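First residue of the sequence shown: 386, per the working numbering; consecutive thereafter.
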Amino acid sequence: MSTFQAPKGTYDLIPPDSARFLAVREAIAAPLRTSGYGYIETPGFENVELFARGVGESTDIVTKEMFTLTTKGGSELALRPEGTASVLRSALEHNLHKQGNLPVKLWYSGSYYRYERPQKGRYRHFSQVGAEAIGAQDPALDAELVILADQAYRSLGLRRFRILLNSLGDKECRPVYRAALQDFLRGLDLDEETLRRAEINPLRVLDDKRQDVQKQLTGAPLLRDYLCDGCKAYHEEVRELLTAAGVAFEDDPRLVRGLDYYTRTTFEFVHDGLGSQSAVGGGGRYDGLSEMIGGPALPSVGWALGVDRTVLALEAEGVELELPAATSVFAVPLGEEARRVLFATVSELRRGGVAADFAYGGKGLKAAMKAANRSGARYTLVAGERDLAEGVVQLKDMESGEQSPIALDAVVAELRGRLG
Ligand code: AMP
Numbered sequence: 386m387s388t389f390q391a392p393k394g395t396y397d398l399i400p401p402d403s404a405r406f407l408a409v410r411e412a413i414a415a416p417l418r419t420s421g422y423g424y425i426e427t428p429g430f431e432n433v434e435l436f437a438r439g440v441g442e443s444t445d446i447v448t449k450e451m452f453t454l455t456t457k458g459g460s461e462l463a464l465r466p467e468g469t470a471s472v473l474r475s476a477l478e479h480n481l482h483k484q485g486n487l488p489v490k491l492w493y494s495g496s497y498y499r500y501e502r503p504q505k506g507r508y509r510h511f512s513q514v515g516a517e518a519i520g521a522q523d524p525a526l527d528a529e530l531v532i533l534a535d536q537a538y539r540s541l542g543l544r545r546f547r548i549l550l551n552s553l554g555d556k557e558c559r560p561v562y563r564a565a566l567q568d569f570l571r572g573l574d575l576d577e578e579t580l581r582r583a584e585i586n587p588l589r590v591l592d593d594k595r596q597d598v599q600k601q602l603t604g605a606p607l608l609r610d611y612l613c614d615g616c617k618a619y620h621e622e623v624r625e626l627l628t629a630a631g632v633a634f635e636d637d638p639r640l641v642r643g644l645d646y647y648t649r650t651t652f653e654f655v656h657d658g659l660g661s662q663s664a665v666g667g668g669g670r671y672d673g674l675s676e677m678i679g680g681p682a683l684p685s686v687g688w689a690l691g692v693d694r695t696v697l698a699l700e701a702e703g704v705e706l707e708l709p710a711a712t713s714v715f716a717v718p719l720g721e722e723a724r725r726v727l728f729a730t731v732s733e734l735r736r737g738g739v740a741a742d743f744a745y746g747g748k749g750l751k752a753a754m755k756a757a758n759r760s761g762a763r764y765t766l767v768a769g770e771r772d773l774a775e776g777v778v779q780l781k782d783m784e785s786g787e788q789s790p791i792a793l794d795a796v797v798a799e800l801r802g803r804l805g
């Protein structure tokens, strides 16, 4: 061990588990790639104001959880706590919304940082794959995103997840509801901080996880009963499209999310095997965000799915992913000449698309065969001086244990054939 360890709330992804992590990322991205979403990558840090304005000054993410830093030049930056604000900032900066068709559909994948109290499933560095559809207000777009996330989870073999759905209203009906909720909250027995929150962002109080708070919220007014006709019709259509697509969801009239920018459609994906950190992903519509960060009106919708928690959900369900073999063929040279010959063979196999590895470090037969076993290779190639003199190598099938000589110049074709 070195003197140093990974910082609190972080962990290293190392083989073989890291392969599962990559596969999850790829599985989430796959449906997006075939649904018109283009890949976008933005910096790991941004001007802190972008998040303050975009995510919301009164949210936990902004008030408590941002990793901020001041550069030598005096700029105030923050490691990104989420993806949407950055992606929208970038789309606006590059005028993507002016270059033809709306919506602009983008997907991304990367590291995010929140100064949270670490526990299982909650880290200070975590990984998300996200999707944003910018510049269109169409219930089919909201439905598309929920369907694609459902498809991604299902393609991984996950079954014990649920989709929670709600509408948060818009700038017409939400203020009326907000005022009604505030009236209700002022009458409760709440601590000072919660009362303060009720004044700044009363919807967030609904999200309070404490039991004594939740008990008092039993009779709280529900946004559902305050939705304007436009929001009601919009939400109904999203629900119908999901139902028609065969995607099951639960109406959750209390679902609010920790970010200020959401309007209308809001959803969360929860997994029942994860304990308290049960949200594996979430998202919704954010029609006002563009204007909040200085852009034109660009109604948009998106989601972010947590890769770390999706991996935990797979573990909870006992799902084993079928991962491509890291090594299909392992070459074991016995002697100098064999080393040169087999090294060339390995390079040729790799060029031909066969995953191959080599016993490096001048190992003896026993140690080299151990390495071959550990590599998980299906076939081992062994060659010594006598084999080379006869123009062959020994091909061993590691499953059956059978071994046979193959002509050196036929070995690549033979292996490619056998491995399909
Ligand atoms: P949010 O932006 O908070 O809705 O997060 C979207 C998803 O990212 C969540 O559903 C989680 O799967 C994941 N996520 C958020 N925060 C963390 C964290 N601190 N550690 C691990 N995963 C997280």
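Each residue gets a CB set at the ideal place from its N, CA and C atoms; glycine is no exception.
Keep in mind the model is a prediction, meaning the values are calculated, not measured.
According to DSSP, which residues form a beta bridge with residue i?
{"i": "T650", "result": "S552"}
{"i": "Q779", "result": "V767 and P790"}
{"i": "L491", "result": "G423 and E517"}
{"i": "H656", "result": "F546"}
{"i": "A664", "result": "V655"}
{"i": "H510", "result": "Y498"}
{"i": "R571", "result": "Answer is none; R571 lacks a bridge partner."}
{"i": "K689", "result": "In the sequence as displayed, the identity of residue 689 is Ala instead of Lys. Answer is G515 and G667, bridged to A689."}
{"i": "E557", "result": "Note: E557 sits in no beta bridge, so no partner."}
{"i": "E635", "result": "L549"}
Can you tell me where the alpha helix (DSSP H) with residue i in it begins and where it stops?
{"i": "P684", "result": "First-last for P684: undefined, no H or E at that position."}
{"i": "P503", "result": "Here P503 belongs to no alpha helix (DSSP H), and DSSP marks it neither H nor E."}
{"i": "V726", "result": "E721 to R736"}
{"i": "G615", "result": "D614 to A629"}
{"i": "M386", "result": "It is not in any alpha helix (DSSP H) - M386 carries neither H nor E in the DSSP assignment."}
{"i": "T695", "result": "V692 to E702"}
{"i": "R582", "result": "E577 to I585"}
{"i": "N758", "result": "L750 to S760"}
{"i": "D592", "result": "Counting along the chain, D592 falls outside any alpha helix (DSSP H), and DSSP gives it neither H nor E."}
{"i": "V531", "result": "P524 to S540"}
{"i": "S675", "result": "L674 to M677"}
To the nearest angstrom, report how far apart residue i and residue j are at their CA atoms.
{"i": "G746", "j": "A756", "result": "11 Å"}
{"i": "G680", "j": "C613", "result": "26 Å"}
{"i": "A618", "j": "E431", "result": "37 Å"}
{"i": "Y671", "j": "G572", "result": "31 Å"}
{"i": "N493", "j": "G761", "result": "In the sequence as displayed, the identity of residue 493 is Tyr instead of Asn. Taking the straight line joining both Cα atoms gives about 32 Å."}
{"i": "A583", "j": "R539", "result": "38 Å"}
{"i": "L553", "j": "V641", "result": "7 Å"}
{"i": "T448", "j": "T456", "result": "20 Å"}
{"i": "G604", "j": "L566", "result": "10 Å"}
{"i": "Q788", "j": "R410", "result": "39 Å"}
{"i": "G658", "j": "V692", "result": "15 Å"}
{"i": "V767", "j": "V704", "result": "36 Å"}
{"i": "P524", "j": "S420", "result": "16 Å"}
{"i": "L627", "j": "L435", "result": "33 Å"}
{"i": "E621", "j": "A476", "result": "30 Å"}
{"i": "G720", "j": "L750", "result": "10 Å"}
{"i": "A537", "j": "I413", "result": "5 Å"}
{"i": "R736", "j": "A753", "result": "23 Å"}
{"i": "K556", "j": "R438", "result": "17 Å"}
{"i": "R831", "j": "L491", "result": "Absent from the structure is residue 831, since the part of the chain shown begins at 386 and ends at 805."}
{"i": "L530", "j": "A516", "result": "8 Å"}
{"i": "V655", "j": "A470", "result": "23 Å"}
{"i": "P416", "j": "L541", "result": "12 Å"}
{"i": "G508", "j": "E501", "result": "In the sequence under discussion, the amino acid at residue 508 is Tyr, which differs from the Gly named in the question. C-alpha separation (whole angstroms): 7 Å."}
{"i": "L464", "j": "L580", "result": "30 Å"}
{"i": "V472", "j": "I678", "result": "12 Å"}
{"i": "S685", "j": "R724", "result": "59 Å"}
{"i": "E461", "j": "A740", "result": "46 Å"}
Drop a sphere of 10 angstroms on the beta-carbon of residue i, count the other beta-carbons inside from all chains shown, and report buried for 16 or more, exposed for fewer.
{"i": "P560", "result": "exposed"}
{"i": "Q484", "result": "exposed"}
{"i": "Y424", "result": "exposed"}
{"i": "K505", "result": "exposed"}
{"i": "L367", "result": "No information on residue 367 is available, as it lies outside the stretch 386 to 805 that the chain covers here."}
{"i": "H479", "result": "exposed"}
{"i": "A744", "result": "buried"}
{"i": "L668", "result": "For clarity, residue 668 is Gly in the given sequence; the question names Leu instead. Buried, since its Cβ has 16 or more Cβ neighbours within 10 Å."}
{"i": "F652", "result": "buried"}
{"i": "L407", "result": "exposed"}
{"i": "L543", "result": "buried"}
{"i": "A682", "result": "exposed"}
{"i": "K594", "result": "exposed"}
{"i": "Q390", "result": "exposed"}
On the DSSP letters alone, give me the boundaries of the beta strand (DSSP E) that residue i sits inside.
{"i": "F743", "result": "A741 to F743"}
{"i": "G802", "result": "No beta strand (DSSP E) holds G802; the alpha helix (DSSP H) holding it covers V796 to L804."}
{"i": "A716", "result": "V714 to P718"}
### Query
Where are the alpha helix (DSSP H) runs, 4 residues long or more, that stay fully inside the stretch 393–474, in chain order?
Qualifying alpha helix (DSSP H) stretches, in chain order: 402–418, 433–440 and 445–448.
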